[in-house]
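One line per chain: the protein sequences are A and B, in this order.
With this note's numbering, letter number 465 in the first sequence gets 465, and the count goes up by one each step, no holes.
Here this note's numbering = 1-based position in the second sequence + 1000.
We put the beta carbon where it would ideally sit given N, CA and C, even for glycine.
Every value quoted in this text rests on a predicted model; they were computed, and no experiment measured them.
In what follows, a single structure is set out as structure tokens and then discussed.
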Amino acid sequence: MTPPPQGASTDRRTLLRLLGLGAAATAGGAALTGCSKEAGSSGSATRSDAIRAVLPAHRPADLLKPDIPGEGPIPDGYLGYPRQLVDAVTEQPGRGGGTIRSMSPWWGPTPPTLGNNSYLAAVNAKLGVDVSPSLQDGTTYADKLNAMLGARDVPDLLSVPNWEVDKVARFSDAVRALFEDLTDHLRGDAAAKYPYLAALPTGAWEYSVWGGRLAAVPFPTDGPFAWALFQRRDLVVKAGLAAPTSPAELHELGRELTDPAKGVWAFGSVFDMVQQFYGCQQTWRRKPGGGLEHKFENPAYRAALEFTAKLFADGLVHPDTVASKGADEKQLFKAGKIIMFQDGLGAWQGVQGEQSKVLPSFDMQPVPVFGASGGPAVIWGSEKPIFFTFLRKGLGADRVDELLRVLNWCAAPFGSREFELREYGVEGKHFTRAADGSPLPTDLGRKELGAQYTHIGGRVPVKVRSGDTPNFVRDYLDYYRKNIGLMEKDLFAGIKLELPANWSKLLQPTEDKIRDILRGRRPIGDLDGVAKEFLASGGEEGRAFFEKALADNGR
Amino acid sequence: MTTQLSDPVPATAGGRPPRRRRDRRPPWEEPPTPLGVFGKGVVLTLLVAAVLVPLWAVLVTSLASRETIDAAGGMVLVPREVDPSAYVTIFNGGQITRAVWVSTVVTVVGTTVSLVLTVLAAYGLSRPGSVGHRGLLFFFLLTFLVFPGLVPSYLVVTGLGLKDSLWSLILPSAISVFNLVVVRAFFMGVPGELLDSARIDGAGELRILTRIVLPLSKAVVAVVGLFYAVGYWNAYFNSVLYLDDNDKFPIQRVLQSYILAGQSPSVSGAAVSLPGVTAYPPTLAVKMAVVVVTVVPAVLVYPFVQRHFTKGVITGAVKG
Chain A
1 MTPPPQGAST DRRTLLRLLG LGAAATAGGA ALTGCSKEAG SSGSATRSDA
51 IRAVLPAHRP ADLLKPDIPG EGPIPDGYLG YPRQLVDAVT EQPGRGGGTI
101 RSMSPWWGPT PPTLGNNSYL AAVNAKLGVD VSPSLQDGTT YADKLNAMLG
151 ARDVPDLLSV PNWEVDKVAR FSDAVRALFE DLTDHLRGDA AAKYPYLAAL
201 PTGAWEYSVW GGRLAAVPFP TDGPFAWALF QRRDLVVKAG LAAPTSPAEL
251 HELGRELTDP AKGVWAFGSV FDMVQQFYGC QQTWRRKPGG GLEHKFENPA
301 YRAALEFTAK LFADGLVHPD TVASKGADEK QLFKAGKIIM FQDGLGAWQG
351 VQGEQSKVLP SFDMQPVPVF GASGGPAVIW GSEKPIFFTF LRKGLGADRV
401 DELLRVLNWC AAPFGSREFE LREYGVEGKH FTRAADGSPL PTDLGRKELG
451 AQYTHIGGRV PVKVRSGDTP NFVRDYLDYY RKNIGLMEKD LFAGIKLELP
501 ANWSKLLQPT EDKIRDILRG RRPIGDLDGV AKEFLASGGE EGRAFFEKAL
551 ADNGR
Chain B
1001 MTTQLSDPVP ATAGGRPPRR RRDRRPPWEE PPTPLGVFGK GVVLTLLVAA
1051 VLVPLWAVLV TSLASRETID AAGGMVLVPR EVDPSAYVTI FNGGQITRAV
1101 WVSTVVTVVG TTVSLVLTVL AAYGLSRPGS VGHRGLLFFF LLTFLVFPGL
1151 VPSYLVVTGL GLKDSLWSLI LPSAISVFNL VVVRAFFMGV PGELLDSARI
1201 DGAGELRILT RIVLPLSKAV VAVVGLFYAV GYWNAYFNSV LYLDDNDKFP
1251 IQRVLQSYIL AGQSPSVSGA AVSLPGVTAY PPTLAVKMAV VVVTVVPAVL
1301 VYPFVQRHFT KGVITGAVKG
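Have a look at this one:
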């Protein structure tokens, strides 16, 4: 037998002592963490007149006349690639400053870095200054941001997706402490010095104001709708079925198309679109008697929930969607295993282009929007920019000017040589031309490009016809034109909201409960309980916050 | 009476030793019922299938053509052909090769550094009367309970100038206290008399460690080495925090970028359309080929260490 260890052993008494101290330290740590998240958690709203005062004066850049002019938030459409490109920027942006470090999100395999990447070399030669981009995984971007901002370690240019802003504790404090105030550089006519930044939509600039100061350059959205319900029109037509115009028809269509023996189900995720068909608001709407009403309080929400739960209960939803949140619905849709699912309109051109090469008859189309409950549908959307680009604080006016000139180059619009170089690289190397003149990426192009300059510079959004998606631009813009009138008016447009921490924390758990109701794991009747709990544990606080934001702005 | 007590194995002619019982079941246990054997067989088959079927699906999908994947609507279970194009794609790109190289370097260097540090620390802490061991052990154990936090860790790593260096993937996780406790417990099981006799023969502490303690502790060192190696190979989050240079990304980071490529981020009730982002996502076969590349080293190494596994872990665990 081995003798019991002596000396360095941790006997019971030592262990208890250790645990006691450890517990105290843990409690202390928790208290400290608590402190750090406390501040700023009640949210804030910047008045809309304060925002208007700092915006750049809008000057459209009419480089190339669009075939289908956009209206309001709808982007311009081009039915062909221009034969003649123009030089949009005549003076090199670089002013002899050192290498510019940038960081932006990317969702895919990362391209080679500066020094090993001929695309970066080509663009940097044009810029007259080296930009060294770091592409970080878009799915873990908030983790990285939290650490970097907390440690005050930021690159010269930092691109932040709008949805990450809410995930970063005390983001507005970080903006004040770490990023350059751009107001004096871009307010009003000062922006004329950077013509392509001045050409970005004012709706996008409005969101770039923090604490009454212009803090970032926006990357405008290329279509404000949040979702569309996509269908495999080729398969629906083949089955001899017509587009649904009512919930009953949609259900019937689902029944006709579902064939588990063949592994085919009619639906993937559809709940957000069903809510819109039923005329339910995205979050808040005005009550007739004043004040705000949450969608849980709207009978349309309950009707949409009941309808969607019935789709699940009747076995019309693909088992992968029933089982998990992360079902690869795009893959199932491409394979014809689901016939309808909801996705952002941004997914449309990519899927259609890719799949029509494999299956020429492949036809992805949005289901025409219909009102489900007598009244019209309500389409959710917003002009919120996709990204914000911040400039590191304390670089000095000359360097800020140089960086803005670089961003101005990166914002050069469609029809310019700068646009082509930025989006496709060098002709013959990163892309070749199709018969209609549009660029087709080469293998090197796919490997070396990762939106390194696109995601830091805003650009006026456009939709351009490509060889593999000949009908896309018309279809896309038609869908927008038909439905833009149904788009829900953003009650808070032009007001910069920083949501209370309690509100943000509440959303996910509530969403999970609703998922359970949809899947039949909880009865429909539980909705009342879920709604009550939601309002009691932060929902009412949220209502007060949003109502105050409206009242402060005289709305 | 005598017949009942006699040896159940009949003596064989020619003095051959008695045949060994095949099932090694103790004589007082009843033989298994057919139903019991069948039940066990079913349960074990299901368990094995739960592990092997996903691996099989990954392997088959990585070798499937695009048409087969489309026909299956995703993961493929029944192979129809062997199409190596996914592997050609990933090894032509350069990124995977580089990432495998980075991960190999980090795993080899990291495991060496970790083992040296863990063994030295564990030996010191396992010897009675070594200087300051109570305080040191306390600090080690404290890290079980208190995590330093994201921002302080980040500040330390950047303050030491490790950002964008591969050392940032090694040093912050160089010592796992769990492994340290396991090794220390194992070392404490080495009989004190052995060490005393070495001391009488004039051996110093380093000689005792390398000539006596380590040779007796091969099992635990092998197991802890495996833990470290697998940990380094699978490590992901430190590279998210500390590496900006895309050329230094380890394989898990690259794997993640392949797997999630082309999925639109969805933000509280709204899909985000990302212009240009979803244009060229890698195919499912390519994604699965990357998974295979990341899994293969672990599958290759494990059988060689497996024989030490039970001994190393159990001894460490029960002597704690």
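Check                                                                                                                                 : Outcome
Inter-stretch contact (C-beta, 8 angstroms, three-pair minimum) for the segment 338-349 of chain A and the segment 265-280 of chain A : yes
CB contact check: N1234(B) to chain A, cutoff 7 angstroms                                                                             : no
Reference Y141(A), options V1293(B), R1253(B) and M1288(B), closest by Cα                                                             : R1253(B)
Ordered list of alpha helix (DSSP H) runs contained in the segment 246-315 of chain A, each at least 4 residues                       : 247-257, 271-277 and 299-313
Integer Cβ distance of S104(A) from L135(A), believed to fall under 8 angstroms                                                       : 6 angstroms
Where M103(A) meets chain B, residues with beta-carbon distance less than 9 angstroms                                                 : D1244
Residue nearest to V464(A) in terms of C-alpha spacing, selected from K65(A), G108(A), P60(A) and P56(A)                              : K65(A)
Residue environment, A1222(B), which counts as buried when at least 16 other CB atoms sit within 10 Å                                 : buried
Reduced DSSP secondary structure (H/G/I, E/B, other) of Q452(A)                                                                       : coil
Pairwise C-alpha distance: L497(A) and E547(A)                                                                                        : 12 angstroms
Chain A contact residues for Y1154(B), given Cβ-Cβ distances below 8 angstroms                                                        : A147, M148, G150, A151 and D153
7 angstroms Cβ cutoff, E541(A) in contact with chain B                                                                                : no
Coarse secondary structure for D343(A), derived from DSSP in three states                                                             : strand
Local conformation of I100(A) per DSSP, three classes                                                                                 : strand
G254(A) to P201(A) span [Cα, whole Å]                                                                                                 : 40 angstroms
DSSP-derived helix/strand/coil call for Q92(A)                                                                                        : coil
Pairwise C-alpha distance: S102(A) and S1114(B)                                                                                       : 34 angstroms
Test: G1159(B) CB closer than 7 angstroms to a CB of chain A                                                                          : no
Nearest residue (CA-CA) to W210(A), options A50(A), A551(A) and P500(A)                                                               : A50(A)
6 angstroms CB neighbourhood of M1288(B) in its chain, flanking five on each side removed                                             : V1058, T1061 and S1062
Buried versus exposed, by CB contacts within 10 Å (16 or more), E562(A)                                                               : Because chain A is modelled from 1 through 555, residue 562(A) falls outside the range shown and cannot be assessed.
Anticipated Cβ contact below 8 angstroms, R233(A) with Q365(A), distance rounded                                                      : 4 angstroms
L21(A) versus Y424(A): straight-line alpha-carbon distance, rounded                                                                   : Because L21(A) carries a pLDDT of 38, less than 50, the predicted location of this residue cannot be relied on, and the following value inherits that uncertainty. The alpha-carbon atoms of L21(A) and Y424(A) are separated by roughly 60 angstroms.
Short-range partners of chain B found in the segment 130-145 of chain A, where Cβ spacing is below 7 angstroms                        : S134, L135, D137, G138, T139, T140, D143 and K144
Closer than 7 angstroms to chain B by CB, A501(A)                                                                                     : no
Own chain partners of L444(A) with C-beta closer than 7 angstroms, once the 5 adjacent residues on each side are dropped              : K429 and H430
CB contact check: A1198(B) to chain A, cutoff 7 angstroms                                                                             : no
Cα-Cα separation, G415(A) to L182(A)                                                                                                  : 28 angstroms
Three-state secondary structure (DSSP) of I1208(B)                                                                                    : helix
Alpha helix (DSSP H) segment containing T1104(B), residue limits                                                                      : Q1095 to S1126
Positions along the segment 330-352 of chain A whose CB lies within less than 9 angstroms of some CB in chain B                       : K330, Q331, L332, K334, A335, G336, K337, I338, Q342, D343, G344, L345, G346, A347, W348, Q349, G350 and V351
Contact check, P69(A) vs D76(A), beta carbons under 7 angstroms                                                                       : yes
Neighbourhood of G128(A) by C-beta distance below 7 angstroms, restricted to the same chain and skipping five residues each side      : Q92, P93 and G94
Contact set between D328(A) and chain B, taken where Cβ atoms lie within less than 7 angstroms                                        : G1074
Chain-ordered neighbours of T442(A) on chain B, where CB pairs are closer than 9 angstroms                                            : The contacting residues do not exist; T442(A) stays about 11 angstroms from chain B at best.
L407(A) at chain B interface by Cβ criterion, 7 angstroms                                                                             : no
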